[in-house]
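Taking it in order: structure first as C-alpha cells, then the write-up.
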Amino acid sequence: MSESTLPTTESVDPEVRVRIRRGIEDVLPRVLGVELADIPANACFFDDYGLTSSGIVELVLDIEETLAIQVDVEHLAIDDIRTIDSLTDYVVGHYADED
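So the sequence shown is numbered by this note's numbering: it starts at -17 and just counts up by one.
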C-alpha cells in the first residue's frame, strides 16, 4: 500500500468516518473485556481504560477484521492511539479496503 493510495482525513466521506468510529466503539469493549456505556471522544485508552501495547495490537487487528479493512501501522505513533478520536483519525487516514 503506497502512501499516495491512502485516503486523507480531508478526502474521506463523513459516512466512512462514522463507520470507522462505530467499529472502534464496537471492538473496544471486547478488547478491554468490559462493557462500556459511553466512550468519551477524549478518553485515554491507557490512562482511563488501562489498555496495554498488546491490547492496542489486538484492537487494531479486531478493527481490521470487523470493518474488513487493512490499517497501515507502519507510521503508527503513541499519539495516534491515545484516544478514540486520535485512533479514528489515524485509521481514516491510513486504511485500505480489503480486496
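Each residue gets a CB set at the ideal place from its N, CA and C atoms; glycine is no exception.
Please work out which residues of its chain come closer than 7 Å, Cβ to Cβ, to residue i, disregarding the five sequence neighbours upstream and downstream, and give them in chain order.
{"i": "residue 61", "result": "68"}
{"i": "residue 24", "result": "65, 67"}
Label residue i either buried or exposed according to how many other C-beta atoms from any shown protein chain fall within 10 Å of its C-beta, with 16 as the threshold for buried.
{"i": "residue 76", "result": "buried"}
{"i": "residue 70", "result": "buried"}
{"i": "residue 9", "result": "buried"}
{"i": "residue 53", "result": "buried"}
Please check the pair residue i and residue j, which I expect to be a contact at CB under 8 Å, by giving their CB distance rounded to whole angstroms.
{"i": "residue 73", "j": "residue 2", "result": "5 Å"}
What residue from the options has the CA that sits closest to residue i's CA?
{"i": "residue 19", "options": "48, 26, 13, 7", "result": "7"}
{"i": "residue 40", "options": "-5, 13, -1, 79", "result": "13"}
{"i": "residue 30", "options": "-3, 78, -5, 11", "result": "11"}
Can residue i and residue j be called in contact, C-beta distance under 7 Å?
{"i": "residue 5", "j": "residue 45", "result": "yes"}
{"i": "residue 63", "j": "residue 38", "result": "yes"}
Leaving aside the five residues before and after residue i along the sequence, list all residues of the same chain whose C-beta is less than 6 Å from its C-beta, in chain order.
{"i": "residue 49", "result": "5"}
In its own chain, which residues sit with a C-beta less than 8 Å from the C-beta of residue i, not counting the 5 before and 5 after it?
{"i": "residue 57", "result": "76"}
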